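In our numbering, the protein residues as written are 629 to 802.
Note that the Cβ used here is the ideal one computed from N, Cα and C, for glycine as well.
Fair warning: this is a prediction, and the values are worked out from it, not measured in the lab.
A quick write-up on the structure given underneath.
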């Protein structure tokens, strides 16, 4: 019985302590402190100039680029100081890595190498059937036009019916 009474008193004291802390929000973490969105300003507010005789800015003037705070912090964290000049040591490292011998048409070169790898990886059956990678279907334009025209004349929706597809010439043995 004594144990039960001690437990009851401890529970009451704990609940009174939590209740006295402004509703217990500090313990439940339900109240969050967020910045006031009306006080946060990424740019200075627009103001009228003291001289009203100034011309209004025209649309062909380019506005200065002002990176956001997050973007600026990200660039600074990565070591971007805003200058694009390379030091002699950096130039030597790039030259040693072969950066001066890079092809200007790298995409076409990668496509050519990928096509060669895909051609090499075709199975014997795929080579015999003449398949070259993925088989794509091409819509027969004239037959599709005739099908749509027929559906319109009959009062049917144009999406009704099968879409005519051209059969590609595979160029294989069969």
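| Asked | Found |
| --- | --- |
| Under the three-state DSSP convention, the category residue 793 falls into | strand |
| Inter-residue Cα distance where the pair is residue 772 and residue 729 | 51 Å |
| Span of the alpha helix (DSSP H) around residue 778 | 769-782 |
| Delimiting residues of the alpha helix (DSSP H) encompassing residue 787 | Here residue 787 belongs to no alpha helix (DSSP H), and DSSP marks it neither H nor E. |
| Short CB-CB distance (under 7 Å) between residue 773 and chain D | In the displayed structure, chain D is absent; only one protein chain is listed. |
| Coarse secondary structure for residue 634, derived from DSSP in three states | helix |
| Bridge partners - residue 766, DSSP secondary structure assignment | 794 |
| Own chain partners of residue 737 with C-beta closer than 6 Å, once the 5 adjacent residues on each side are dropped | 731 |
| Three-state class that DSSP yields for residue 730 in the structure shown | coil |
| Sequence-distant residues of the same chain with beta carbon closer than 7 Å to residue 793, five excluded per side | 765, 766, 767 and 768 |
| Residue 697: first and last residue of the uninterrupted alpha helix (DSSP H) it sits in | 697-705 |
| Simplified DSSP assignment, three categories, for residue 681 | coil |
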